[in-house]
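To keep things clear, I will list the structure first and then write my remarks on it.
Residue numbers (the numbering used here): 2 to 274.
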């Protein structure tokens, strides 16, 4: 519209006004004022709309990250605890010398814990966005404490080595690998021996969670595999990698390679000197 008005003013000046140059100057001032009073409000409105849109996008991104964090925490912590409850109840169910009423109660508890674990996996699948990365937070328990609690719950597990040369991000990743490996062993390979092994090299620490073939029939259905996806994210965030798959003896292996930082290496050397 402004361009059309300018063209009309210029054409009228050239045809009808001998002193068109002065008239054109007045027309230019008119055009400038028109642009100022018509364009400035539009530009201000556009800027405010962009600011509001960016703010809404930032809020949505923060909400998605919080949902991802909650989902991963639910899977890692609650899923692990429910699996240990089911493991304890299963061991009590097959123990000799207990009353039938207690055996039936243990069976009911085991079944309820298994059902709750499956429902938890469904809830996590709803909460967790597809490709959203999960913020890493410090682990509440050490790897040795995780193994000890699993052993107290009836899991045949032993620990070899120690994660004493890892930075905080690597420690969190190692903790999650062990936690997920113990949970999977309790769920899918009941009765199988489990080995948690930590091998420290100069450049990296390898975290192994190895279980043998199941000696009893697994009592859980198919899982969403979100735990392994979360572990892969944690390992990559720590600069490492994750491998997992069946072993030749019918068991399962979960292996993470986590780099050793110079600072963590110096701390480990000072601790052992």
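The beta-carbon is built from N, C-alpha and C at its ideal position, and this holds for glycine as well.
Near residue 254, which residues of its chain fall below 6 angstroms by C-beta distance, leaving aside the five closest residues on each side in sequence?
The residue labelled residue 254 in the question sits at position 253 within the chain shown. Around residue 254: 211, 248.
Excluding the five sequence neighbours on either side, which residues of its own chain have a C-beta within less than 8 angstroms of the C-beta of residue 214, listed in chain order?
Against the chain shown, residue 214 aligns to sequence position 213. The residues are 190, 193, 250, 251, 252.
Checking 8 angstroms against the spacing of the C-beta atoms, do residue 229 and residue 245 come in under that value?
Here residue 229 corresponds to residue number 228 of the chain shown, with the count starting at 1. Here residue 245 corresponds to residue number 244 of the chain shown, with the count starting at 1. Yes, the Cβ-Cβ distance between residue 229 and residue 245 is below 8 angstroms.
Flag residue 248 as yes if its beta-carbon sits less than 8 angstroms from any beta-carbon of chain C, otherwise no.
In the structure shown, chain C does not exist; there is a single protein chain.
Proximity of residue 275 and residue 151 at Cβ, strictly below 8 angstroms:
The chain is shown from 2 up to 274; residue 275 falls before or after that span and cannot be answered.
Counting C-beta neighbours from all protein chains within 10 Å, is the total for residue 154 16 or more, i.e. buried, or is it exposed?
In the chain shown, residue 154 corresponds to position 153, counting from 1. When all chains shown are included, residue 154 counts as buried.
Residue 243 - DSSP class collapsed to helix/strand/coil:
Locating residue 243 in the chain shown gives position 242, counting from the first residue. Secondary structure of residue 243 (DSSP, three-state): strand.
Check residue 258 in the structure and name its three-state DSSP category.
Here residue 258 is taken as the residue at index 257 of the chain shown, counted from 1. In the structure shown, residue 258 falls within a strand segment according to DSSP collapsed to helix, strand and coil.
Could you give the first and the last residue of the continuous beta strand (DSSP E) run that contains residue 184?
In the chain shown, the residue the question calls residue 184 occupies position 183. Residue 184 -> not in any beta strand (DSSP E); alpha helix (DSSP H) instead, spanning 169-189.
Give every residue of the same chain whose Cβ lies closer than 8 angstroms to the Cβ of residue 103, excluding the five residues on either side of it in the sequence, and list them in chain order.
Your numbering for residue 103 matches position 102 in the chain shown. The answer, listed in chain order, is 93.
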